[in-house]
Amino acid sequence: MDSLNEALKWQLSGFDNKYLQRQASDCESFRSEGVAQHDRIFTPLLKDVFIPLRLDASPLSPGLRQAVFEQFEGTTTIWEILARTRQEPMFRQLVVQAWGGYGKTTLLKHIAYLYGKKQQPRSAPKLIPVLLILRKYRDLLSQENPPSLPDLITYHHIPGLPGAQDLQVPPHWARDILKQGKALVMLDGFDEVAKTQRPAVARWIMEQLHQYGKSVFMVTSRPKAYREQDAGDRLELATPFWIKDFDAAQRQEFVEKWYLSQERYTHGGRNTPDVQQLAQQAAKDLLTQIQARQELQDLAKNPLLLNMIVTFHRRFPGSELPKRRVELYREMCRLQLRDRPAARKLETLLTQCEAQTILQMLALAMMQNRWERIDRAKLLQGLTKCLQQESETVAAKDFLEQVVQISELLVEREPDEFEFAHLSFQEYLAATQIAQLKQESRLYDHFQDDWWKPTILLYAAQVNPTTLIREMMQRGAIDLAYLCFQETTKRVDPTLEAGLEALKLTVQTSRYAQLENYLKQGQWREADRETYRLMITTVGKEEGQWFEPEELLNFPCEELKTIDSLWVKYSQGRFGFTVQKKIYLQCGGIPDGQYHQEAWDRFCHQVGWMANLARGRSARYKCNVKFSTTSPRGHLPVCARESGLRVENVVCPWSAFGGGGFSSLTSRLVKCNL
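So the sequence shown is numbered by the numbering used here: it starts at 4 and just counts up by one.
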C-alpha cells in the first residue's frame, strides 16, 4: 500500500510535464554552431526558423528500404519515421549521418522542443525526449564503470536543464520510462567522442539498446566516425539515414523565415504588414542573388553555409555575396574579428594584434595533433607560444577571453574546454596558414587521410594548385586530385587555365584506370561498384548515398561519356548507359526526369532486372541483378552500392524517385548527345 501511495503521489505531482517543459526550454533558441551573433542580428527561436530536413532512405537494408521507398519514394522526414516505431521495431534504432553543418544537432533539438511542448505531429507516438550531448559525457561513459542510462539521465542530464535545480525526480522514473518504451533517447555527436574513447562509448550505447529495446534511440554522427570503428566494439544501429542537401524550396523557406524573425525582433516583436514587407524584400533580394549563381546554389545546400550567407547579407546589405566556400569563410572571419568589434566601437585586443594569424597558428597545431577541442591549460600554453612568435605583447589569457566573448570563433562548450565554433573554421584557418607560409609540403603525407581532406581542399582553393595536383597524382591520390581540380575550376582565373588544362587529361585518365581494368578482366560486379563510386564522388557525395535528380540532370557530359564508352567497349556493345538509353526510349520512356510507370516496368523487364517478378508496383523497387555476359542486353551497369550484393530481391538503384532517377540520367545522355 505504501508503494502504491508513493506512485500515486508522484503521478499527481505531474513530474512528466515539469520535465518536458525544462527539456523544451533547453532547446528553445536557434543558435547555429559556427555563426556568431552580430549587431542588427538576433538569435531567433528554433520554432520560428526550423526547416524540416529530408532524410535519404537509400542506405537502408533492401527489405526495409522497399517498404520505405513505397511509402516515401526514398525521401522521408524524421516524423514519418517516428510514426512507424510502434509497428516496425527496426525504426527504434536510428542513426542519422551527415557532414558538418547539415543540422544534426538542430534536428534533435527540434524534436525535443516539439515533444517538450506537446506539439509533435498527431501521427507521432507519445514519447518523452531525452537529448544527451555525447561530448558532455564521453569521459564519464568511457571510464571503467560508467553509469547506467537511467542514472545518467537522473543524476547528470536532468540537473543540467534550465530551472531544474528544485526538480525532484521520482524514484526509478528514468528506468520506468525506458523499460515501458516511453522514452526517445537522442545521443548527439558520436563523432565528437575522441577516437580512443569511441569503442567504450559504443559498447555502452549498445548495452542500453539491448536493455531498453522498447524505447526509441537516435544517434547522430559524421559518416567517417560511424563508418571507421573498431571491429570489436562497434556502434551499429538497425536503421541508417543520411540528411539530404537543402533543396530550393527549403532554401526559400529558411531565408524567408529567418528574415521575418529578424525584422520582428528589430521592430519590437511586431508582425504587422510593414514588417512582413521588409522581411519579404530582403529575402527576395538574397534569394534572387543565390538563384542567379550556381556557385551560391551549391553553397546554400548546406544549412550552416546558408546561415552564414544570410548573416553576411544582412550585415552588409548591397554587398556582393561570396561565391565560393573559401571566400565565405574568409568574409566571416573578417566579420567576426575586425568588423564586429569596429561596429560596436570596441577597442579590443583583436583589432590591436594579428588575431587571425594567431588563430591560424592555433588551428594548424590542432590539425596536426588531430584535436577538435582543447583544454584551457593546453590552449593558454599554445596561445602564449603563438603570441610570442608573432612578437605580440598581449597576454594569452586576455586574448582568449576576447576571442571567446567578442569574435566567438573559439567557444567554451564545456567548462575549461574550447573548440572552434565549427570544425570547418579550424580547417579553413589551418589551410590559410599553410598557404600564407607557402608550406604546401606539409600536406603531402596526408593525401590519404580523411581528417585532412577538407583542409587540403580549402588550401587548394586559395592557391595555384598545379604542383599540389601533380604531387597527388604521383602519390596515387587520384580522387583527391579530381576534387581539387573541380574546386579550382570554379575560379575564373585565366593565369591558371593553361596549366590546369594540361593536367585535366592526366587526372581523368588516371581516375578511370581502375574501372577500365575491371572491365578488361570481365569483373562486372567490381566494375559496377566502381562505376557507382566514380559517379557519386563526381557529384561530391560519399559512398552509401544516392543521387538527387538534379545531380543526374547536370552530370558532367565528359565524365558520363568516359564511363559509358568503357562499358560499351569491353562488353562488345552489350552493356552501357547508351545501350540502356536506347532500350528505355524504345519502351516508351520519356527522358524528362519524371516517373513513367508503364515505360519503366517494360524497360526493367526488357533488361532483365525484373525477370522473375510480376509486373506492377513492385517492379519499381525490386531488382534481379546478374553480373554476367549471359545477362540480357542493357542489364549493366546498375550502380549497386552493397559490397555483397545478392542477385535477388535488392532494391533497384535507379528506382529512386520512383524510377525518375533513370529518366534523369537518360535526359542527361540525350543532352550530352550520347
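Just so it is clear, CB atoms sit at the ideal spot from N, CA and C, and this is done for glycine as well.
These numbers come from a predicted model, not from an experiment.
Helix, strand or coil at residue i according to DSSP, with G and I counted as helix
| i | result |
| --- | --- |
| Gln-517 | helix |
| Pro-153 | helix |
| Glu-551 | coil |
| Glu-357 | coil |
| Lys-348 | Because the pLDDT at Lys-348 is just 42, under 50, the model does not fix this residue reliably, and the value given afterwards should be weighed accordingly. Residue state, collapsed to three classes: coil. |
| Val-610 | coil |
| Val-628 | coil |
| Glu-561 | helix |
| Val-406 | helix |
| Asp-19 | helix |
| Leu-365 | helix |
| Ser-621 | With a pLDDT of only 43 at Ser-621, under the threshold of 50, the placement of this residue in the model should not be trusted; the figure read from the coordinates follows. Reduced to three states, the DSSP call for Ser-621 is helix. |
| Ile-593 | coil |
| Asp-705 | Nothing about residue 705 can be reported from this structure: the residues present for the chain run from 4 to 677 only. |
| Phe-450 | coil |
| Leu-522 | helix |
Burial state of residue i (16 or more Cβ within 10 Å)
| i | result |
| --- | --- |
| Val-628 | buried |
| Lys-523 | exposed |
| Pro-165 | exposed |
| His-213 | exposed |
| Thr-275 | exposed |
| Ala-380 | exposed |
| Pro-132 | buried |
| Pro-325 | buried |
| Arg-89 | exposed |
| Arg-57 | buried |
| Arg-337 | exposed |
| Ser-634 | buried |
| Lys-441 | exposed |
| Ala-530 | buried |
| Tyr-158 | exposed |
| Phe-428 | buried |
| Glu-574 | The sequence shown places Ser at residue 574, rather than the Glu named in the question. So Ser-574 counts as buried. |
| Lys-400 | exposed |
| Thr-199 | exposed |
| Glu-266 | buried |
| Pro-47 | buried |
| Glu-458 | For the sequence presented, residue 458 should be read as Thr rather than Glu. It is buried - the Cβ of Thr-458 has at least 16 other Cβ atoms within 10 Å. |
Whole-angstrom C-beta distance between residue j and residue i, which should lie under 8 Å
| i | j | result |
| --- | --- | --- |
| Pro-640 | Thr-565 | About 13 Å separates the two Cβ atoms, so there is no contact after all. |
| Lys-185 | Leu-238 | Contact flag wrong, Cβ pair sits at about 23 Å. |
| Gly-163 | Gln-26 | In fact, because the Cβ distance is near 11 Å, the residues do not count as touching under 8 Å. |
| Met-476 | Thr-512 | 10 Å between Cβ atoms; not a contact. |
| Thr-435 | Gln-526 | Thr-435 to Gln-526, Cβ: 43 Å. No contact. |
| Leu-152 | Thr-223 | With a Cβ gap of about 17 Å, Leu-152 and Thr-223 do not count as contacting. |
| Pro-128 | Leu-85 | 7 Å |
| Phe-193 | Tyr-229 | 6 Å |
| Leu-293 | Arg-254 | The identity of residue 293 in the sequence shown is Ile, whereas the question assumes Leu. Confirmed, Cβ separation roughly 7 Å. |
| Val-673 | Pro-594 | 5 Å |
| Leu-190 | Leu-137 | 6 Å |
| Val-406 | Met-221 | Rounded, the Cβ-Cβ distance is 34 Å, inconsistent with contact. |
| Gln-465 | Val-329 | 6 Å |
| Leu-390 | Ile-361 | 6 Å |
| Leu-290 | Val-258 | 6 Å |
| Glu-551 | Asp-248 | 7 Å |
Closer than 8 Å to chain D by CB, residue i
| i | result |
| --- | --- |
| Arg-89 | Note that chain D does not occur in the displayed structure, where there is just one protein chain. |
One or two residues paired with residue i in a DSSP bridge
| i | result |
| --- | --- |
| Asp-378 | Glu-420 |
| Ile-131 | Ala-186 |
| Asp-482 | According to DSSP, Asp-482 bridges with nothing at all. |
| Leu-97 | Met-221, Thr-242 |
| Val-414 | Glu-422 |
| Leu-48 | Ser-32 |
| Glu-546 | Gln-548 |
Completely contained beta strand (DSSP E) runs for the segment 240-320, where each covers 3 or more residues: 242-246
Secondary structure, alpha helix (DSSP H): runs of 4+ residues fully inside the segment 133-220: 137-144, 152-155, 176-182, 201-214
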